[in-house]
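In terms of our numbering, the sequence shown is residues 300 to 451.
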Amino acid sequence: MGRMYGKGKGLSRSALPYKRSAPSWLKISSTEVSDMIVKMAKKGMTPSQIGVILRDQHGVAQVRSVTGNKILRILKGLGQAPELPEDLYFLIKKAVGMRKHLEANRADRDGKFHLILVESRIHRLARYYKKAKKLPPNWKYESATASALVQG
């Protein structure tokens with residue numbers, strides 16, 4: 300199946316290990332991993348950034364196999380989860396950057412076209428998250444207030 304807004308038709312992706320238990324060579328306990336996750340979340344890292352650091356620096360390939368829960372579920376249990384889902388947050392951040400660019404470069408028609416594509420992805424994702432009850436039903440993306448949602 301093809302991409303939503305691209306030419307690619309690729310199916311490549313990473314494969315999870317067959318065994319669902321923690322590897323025998325991993326010497327970090329479940330509580331240590333949970334503590335590291337909370338510490339990194341307090342620094343302002345996203346769940347995917349936390350997963351990359353745990354994988355690359357601490358040798359934890361799958362947090363779920365060690366702790367029994369995913370990173371986001373651990374953060375939700377402690378009340379530290381981000382208020383917006385990560386993919387939606389970064390799409391909004393991209394749209395804010397594109398709008399800022401278009402204010403300075405009004406003649407950029409290609410940029411305007413791609414902003415429409417990004418915003419349609421935002422609306423589609425928001426519709427999904429409302430249906431999945433990860434966003435409140437009255438949440439609405441508005442380009443005027445989007446920069447307040449994204450700090451940075």
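Glycine residues also receive a C-beta, built at the ideal position from the N, C-alpha and C atoms. Nothing here was measured: the structure is a model prediction, and the numbers come from that model.
Through-space distance from P381 to I336, alpha-carbon basis:
Locating residue 336 in the sequence shown gives position 37, counting from the first residue. Locating residue 381 in the sequence shown gives position 82, counting from the first residue. C-alpha separation (whole angstroms): 13 Å.
Can you list, in chain order, the residues of its chain whose CB lies under 7 Å from that of K429, leaving out five sequence neighbours each side? On the sequence shown, position 130 is the one that residue 429 refers to. Closer than 7 Å at the Cβ level, and outside the excluded window around K429, lie P436 and W438.
Three CB pairs or more closer than 8 Å across the segment 347-363 and the segment 323-334: yes
Tell whether a beta-carbon distance below 8 Å holds between A445 and I370.
-> Counting from 1 along the sequence shown, the entry for residue 445 is found at position 146. Counting from 1 along the sequence shown, the entry for residue 370 is found at position 71. Cβ distance not < 8 Å, so A445 and I370 don't count as in contact.
Open item on the list: On the CB-based measure, 16 or more other CB atoms within 10 Å of its CB, does G350 come out buried or exposed?
Closed with: Indexing the sequence shown from 1 puts residue 350 at position 51. When all chains shown are included, G350 counts as buried.
task = Taking all protein chains shown into account, decide if A321 is buried (16 or more other Cβ within 10 angstroms of its Cβ) or exposed.
result = Here residue 321 refers to the residue found at position 22 of the sequence shown. When all chains shown are included, A321 counts as buried.
Handout entry: Distance, G307 Cα to A447 Cα
Key = Against the sequence shown, residue 447 aligns to sequence position 148. Against the sequence shown, residue 307 aligns to sequence position 8. Looking at the two C-alpha atoms, the distance is approximately 33 Å.
| Is it the case that the Cβ atoms of L387 and I421 are separated by a distance below 8 Å? | Reading the sequence shown from its first residue, position 88 is the one you call residue 387. Reading the sequence shown from its first residue, position 122 is the one you call residue 421. Going by C-beta atoms, L387 is nearer than 8 Å to I421.
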